[in-house]
Amino acid sequence: MDLPLFPLADDPGSSFLELVRRAGLLAPTPTADAAALLPITHGTTVVAIRYADGVVMAGDRRATSGNLIAHRAIEKVFAADRHSGVAIAGAAGPAMDMVKLFQLQLEHYEKVEGNELSLEGKANQLSQMVRNHLPAAMQGLAVVPLFAGYDVRRNLGRLFQYDVTGGRYEESNFASTGSGSLHAGTVIKLGFREGLTASEALDLAIHALFQAADEDSATGGPDRVRGIFPTMATITADGFERIDELDIARRFDELLDRLAEIQATRRVPETDANLGGTSS
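The numbers in the working numbering rise by one with no breaks, and the one at position 279 of the sequence shown is 745.
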């Protein structure tokens with residue numbers, strides 16, 4: 467296969483997405499309601515939390531198709547490049563394709579320009595991809611990602627939320643999307659404070675996903691039988707780093723112990739509950 471050639475006035479430059487579009491390689495847009503015709507697999511809850519040294523990203527592992535569990539161990543948090551990550555919610559197939567194209571675009575830009583794209587530019591690039599996906603979203607294949615990273619120019623972590631139209635919104639402290647985002651976001655809002663450490667941010671994300679799974683059937687909780695736990699990562703000046711599953715399992719055990727202790731203090735002893743009459 468020969469590489470496509472473009473006249474100077476029509477050169478796509480460092481944008482891989484423009485190169486794909488002008489070469490006619492984009493997938494066709496559905497012309498019918500795909501969600502009504504086919505069992506579409508959907509990813510659910512993902513969160514991002516800013517802390518002192520960067521950003522934590524986390525996502526549960528469950529994917530659903532209607533009222534069925536389609537997959538129990540799907541990955542929803544990915545490295546976009548060294549200093550940024552993207553988490554997916556929505557139609558799983560198009561979301562994964564979007565992530566791969568996004569990763570390729572950032573790599574392509576760096577090779578052509580010789581420099582890493584700014585974090586603001588990465589967020590804008592993903593916004594354009596979401597906007598271009600709108601026709602498919604109108605057919606039931608919506609993709610709503612989270613984007614976060616470490617801004618090496620400002621020396622701080624930043625995070626961005628999107629809507630199906632490609633609207634890009636920078637959040638100050640945390641963001642969540644997916645079917646369990648309301649519950650997860652509430653837990654993070656109540657537990658967030660300035661200057662969180664990495665360990666505290668990880669524990670807060672775990673608590674948020676646990677409570678989301680408790681309220682939302684599409685969000686998967688920790689599965690001790692199969693050894694399935696959320697995907698978690700930190701993004702700092704040192705780059706994107708996945709958290710080891712053994713560490714995540716330990717943190718979940720500590721969370722369950724704390725919740726069990728709280729529940730025990732709230733439980734009224736049966737002997738006290740059955741006492742009646744007046745005191746002498």
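C-beta atoms are modelled at their ideal positions from N, C-alpha and C, and glycine is treated no differently.
Asked	Found
Using 8 angstroms as the threshold, is the C-beta distance between Tyr616 and Val513 below it?	no
Would you tell me roughly how many angstroms separate the C-alpha atoms of Val618 and Ile701, rounded to the nearest one?	11 angstroms
Hey, how far is the Cα of Asn590 from the Cα of Val578?	18 angstroms
Under the rule that 16 or more other beta-carbon atoms within 10 Å means buried, what is Gln748, buried or exposed?	Any property of residue 748 remains undetermined from this structure, which presents the chain solely from 467 to 746.
Evaluate Met595 with the Cβ neighbour count: other Cβ atoms within 10 Å of its Cβ, from every protein chain shown; 16 or more gives buried, anything less gives exposed.	buried
Let me check one thing: in DSSP terms, what residues is Ser642 bridge-paired to?	Val513
Hey, quick one: how far does the beta strand (DSSP E) through Gly623 stretch, first residue to last?	622-628
Is the beta carbon of Thr697 closer than 8 angstroms to that of Lys542?	yes
Among the candidates Leu534, Ala518, Tyr517, whose CA atom is the shortest distance from the CA of Gly509?	Leu534
Between which two residues does the beta strand (DSSP E) containing Gly615 stretch?	612-617
Would Val609 count as contacting chain B if we go by Cβ distances under 8 angstroms?	Protein chains in the displayed structure number just one, and chain B is not present.
By how many angstroms is the C-alpha of Arg597 removed from the C-alpha of Phe658?	31 angstroms
Mark Ile728 as exposed unless 16 or more other C-beta atoms lie within 10 angstroms of its C-beta, in which case mark it buried.	exposed
Compute the beta-carbon to beta-carbon distance between Ser531 and Phe613, rounded to the nearest angstrom, for a pair I have assumed lies under 8 angstroms.	In fact, because the Cβ distance is near 26 angstroms, the residues do not count as touching under 8 angstroms.
To the nearest angstrom, how far is the alpha carbon of Thr631 from that of Val609?	10 angstroms
With Leu570 and Ile506 assumed to form a contact (beta carbons below 8 angstroms), what rounded beta-carbon distance in angstroms separates them?	Between Ile506 and Leu570 the Cβ distance is about 24 angstroms, and since that is not below 8 angstroms, they are no contact.
If you drop the 5 nearest sequence neighbours on each side, which residues of the same chain put their C-beta closer than 8 angstroms to that of Leu600?	Val630, Thr631, Gly632
For the alpha helix (DSSP H) containing Phe658, name the first residue and the last one.	Taken as a continuous stretch (DSSP letters only), Phe658 belongs to no alpha helix (DSSP H), as it is neither H nor E.
Taking the beta carbon of Ser638 as the centre, do at least 16 other beta carbons fall within 10 Å, making it buried, or is it exposed?	exposed
Mind reading off the beta-carbon distance from Leu555 to Thr652? Whole number of angstroms is fine, and I expect it under 8 angstroms.	Reading off the sequence, residue 555 comes out as Ala, not Leu. Not confirmed; about 17 angstroms, so no contact.
Span of the alpha helix (DSSP H) holding Ile694?	That residue, Ile694, is in no alpha helix (DSSP H); it is neither H nor E in DSSP.
Around the Cβ of Lys588, are there at least 16 other Cβ atoms within 10 angstroms (buried) or fewer (exposed)?	buried
Where do the ends of the alpha helix (DSSP H) carrying Leu534 lie?	Unbroken run through Leu534 is the beta strand (DSSP E), 534-537; no alpha helix (DSSP H).
Measure the C-alpha to C-alpha separation of Ser647 and Ala699 and round it to an integer number of angstroms.	18 angstroms
Compute the Euclidean distance between the alpha carbons of Gly580 and Glu720, then round it to the nearest angstrom.	46 angstroms
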